[in-house]
Each structure stands twice: as C-alpha cells, then as structure tokens.
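Scroll down for the structure; my scribbles are underneath it.
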Amino acid sequence: MAKSKFFRVFVEGFTASDGRKIEASWIEDIVSTFNVGTYTPRINCEHIKGFSPEPPFNAYGSVSAVKAQTDELVIDGETVRRRALYAQIEPNEQLLKINKQGQKIFTSVEISPDFGGTGKVGLIGLAVTDNPASLGTEALSFSALKPMFDARKQHPDNLFSAAIEADIGMEDGPADTAGMAEAAKSGILAAFATMFKTEKPKEQAAPPKAPANDNSFDVAAFSTALGEQVVLAVKPAYDTIAELRADFAKLKAQLESEEQPQDFTRAPATGGGGNATFLTDC
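According to the numbering used here, the sequence shown holds residues 379 to 660 in order.
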C-alpha cells in the first residue's frame, strides 16, 4: 500500500481532552514507543471504531511511522517555536477519495498516557474529522464530561488531541527510467519507420499448401464428412414428408374430380294427411 508524506498531527501546547496542555515530552514519548511491529495505530472516522468493514466507520488505513520536529507557529500574532508530531500513513482508497473531495481533512490523535504499562505516552489511533470544532480546543476542554467522547476511547484514560488540518500528500514512487527510455526509443523508431517507408505493390496471396503430415487435421474433409452425415440423418424424415405430400395431392385431386349433387329433393311425408291409400286397415 502506498505511503503518504509526513504531515503534522500533534502540537505542543494544544489542549487535550481532559483539559491538560500537551507537553513536548509527550511527543518524544510517542516517537520512542512507536513500533508497528508491537502496535499499529489504525485510522478511523470521528474516533468511531466500527466492527463492520463497510463505510463510514470502518478502518481507513494505518499509521506507518512518526517523527518529531520543531515548528514555528503564529499564535495570537506572535511567532512561537513548538514541538510537533508528524505521522506517515498508509491510507486506503476510501480515505484518498474523500480527502480529494475536501472531506475529513482534519486529524485528531488518540494517545494513551501509559502505553503498554511503560509509563510513557503512546499513539493509539488517528481519526479523520470534517469539523475541527467538534474535537478542537474549545470542545475538548469539556469533553471529559461528555459521554459521547468517552465512549469513543479505547481506554477511559486515553486522550484526544485537538483536530488540525492534515495535508495528506502521497510520496512519489521511483521512476521507471529504463522503461521510459525503452518506450521513447520504440516510439522514435516507429515514427521514422512510418515517415520513410515505401509503398510496395501488394503480392497475390498464394493458396495455402496442404499439410504434408497425414496426421494433420483436414478441415475440408471434415466438413464434407459432416455434411454427408447430416444428409443421411435427415433423409428418412425428408422421405416421409415427401410421401405425405404425394398422398395429400392424390386425395385432393380425387375429391375435386367427383360430381357434387346440385339439388336436393326430400320425399313427401306419408303421415297425418287424409289420403286413404296410406291409412292402416284395422
């Protein structure tokens, strides 16, 4: 996973979540106790550590390294020198995407005052937030009284730092100079070949020769044999249909040749009248 450039996440003199001022010694402790082989601080959203891998409260990456340096800050119009903690992270695609969109551009660290029982301050996690006021100096001064913030801590004694803007820039990867040179060479050669090539008359393509190997696959012979097999398979059905057509034509001609009666005369009724000839002699 690609790593970011180092950016500032923690400054001496800022207010922690219990109202204490961040001391320079805390920063030195964090640097000395940091070891990803022992504990890898993860990145979360708003200090909420979800159990699901689905956003928005999943992990956004890991902190891979930290360092301390002295920065000059302008506070109340005066330039002061303060110790600052810088972090390098391995962000996932989700964090990079929202950062490019201008979302969650501030960071706040979670620290333990007794990291691993060493008595030193250690880095526990890093949160990204959209509103620095929610975890900023003013809010953090009273956050020890707010269950909302306490519920987000890994341990009740842990502290949140004031949120500051994070300039997350990715490190430049090593340039593939050999590949670039080869690509440029190929491109130049191709360009010159196109410029100076002469058009040749198209040669008549010679018919392909039959393979000399008797074991090779003969497509033409296979197609012929397959066609013959298909003809043999459908011939009985074709003959039956032909016979039916002939019988139908014969029957049709026979019916058309027979004379049809033009008039129909019904014999007169023999009962119910006064004709004595048809009366029964009782």
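Beta carbons are placed, not taken as given, at the ideal position from N, Cα and C, and that holds for glycine.
None of the values given here were measured: they were computed from a predicted structure.
What is the C-beta distance between R420 and G503, in whole angstroms, given that I count them as a contact (C-beta under 8 Å)? Locating residue 420 in the sequence shown gives position 42, counting from the first residue. Locating residue 503 in the sequence shown gives position 125, counting from the first residue. In this structure, R420 and G503 form a Cβ contact; the two beta carbons are roughly 6 Å apart against a cut-off of 8 Å.
- Task: Please say whether V444 and L463 have beta carbons closer to each other than 8 Å?
- Result: Taking the sequence shown and counting its residues from 1, the one referred to as residue 463 is at position 85. Taking the sequence shown and counting its residues from 1, the one referred to as residue 444 is at position 66. Result yes, Cβ atoms of L463 and V444 sit closer than 8 Å.
Note to self: Measuring only the C-alpha atoms, how far is F626 from I619?
What the structure shows: Sequence index remark: in the sequence shown, residue 626 carries index 248 (1-based). Sequence index remark: in the sequence shown, residue 619 carries index 241 (1-based). Rounded to whole angstroms, F626 to I619 spans 11 Å at the Cα level.
Are I408 and V499 touching if we call contact CB-CB under 8 Å?
Counting from one through the sequence shown, the residue named residue 408 turns up at place 30. Counting from one through the sequence shown, the residue named residue 499 turns up at place 121. Yes, Cβ-Cβ distance for I408 and V499 is below 8 Å.
- Where the beta strand (DSSP E) containing E488 begins and where it ends: Reading the sequence shown from its first residue, position 110 is the one you call residue 488. Element bounds for E488: 484-490.
Whole runs of the beta strand (DSSP E) within the segment 424-502, excluding any shorter than 3 residues: Those beta strand (DSSP E) runs which fall completely within the segment 424-502 and span 3+ residues are 439-453, 456-469, 484-490.
Excluding sequence positions up to five away, which residues of its chain have a Cβ less than 7 Å from the Cβ of Q447?
Taking the first residue of the sequence shown as 1, we reach residue 447 at position 69. The residues are A462, Y464.
Just to confirm, is the Cβ distance from K381 to E468 under 8 Å?
As a first step, residue 381 must be located in the sequence shown, where it is residue number 3. As a first step, residue 468 must be located in the sequence shown, where it is residue number 90. Yes. Within cutoff.
Comparing C-alpha positions only, which one of L622, G605, E390 sits nearest to I453? Along the sequence shown, one-based indexing puts residue 453 at 75. Ranking the options by Cα distance to I453, first place goes to E390.
Note to self: If I follow the unbroken alpha helix (DSSP H) through V409, where does it start and stop?
What the structure shows: Walking along the sequence shown from the start, residue 409 turns up at place 31. That run of the alpha helix (DSSP H) goes 402-411.
Three-state class that DSSP yields for T602 in the structure shown
Numbered from 1 along the sequence shown, position 224 holds the residue referred to as residue 602. It is helical.
Original post:
Would you call the CB atoms of T496 and T411 closer than 8 Å?
Top reply: Counting from one through the sequence shown, the residue named residue 496 turns up at place 118. Counting from one through the sequence shown, the residue named residue 411 turns up at place 33. Yes.
Going straight from the alpha carbon of T418 to that of G397, what length do you get? Reading the sequence shown from its first residue, position 40 is the one you call residue 418. Reading the sequence shown from its first residue, position 19 is the one you call residue 397. Linking T418 to G397 through their CA atoms gives a straight-line distance of about 27 Å.
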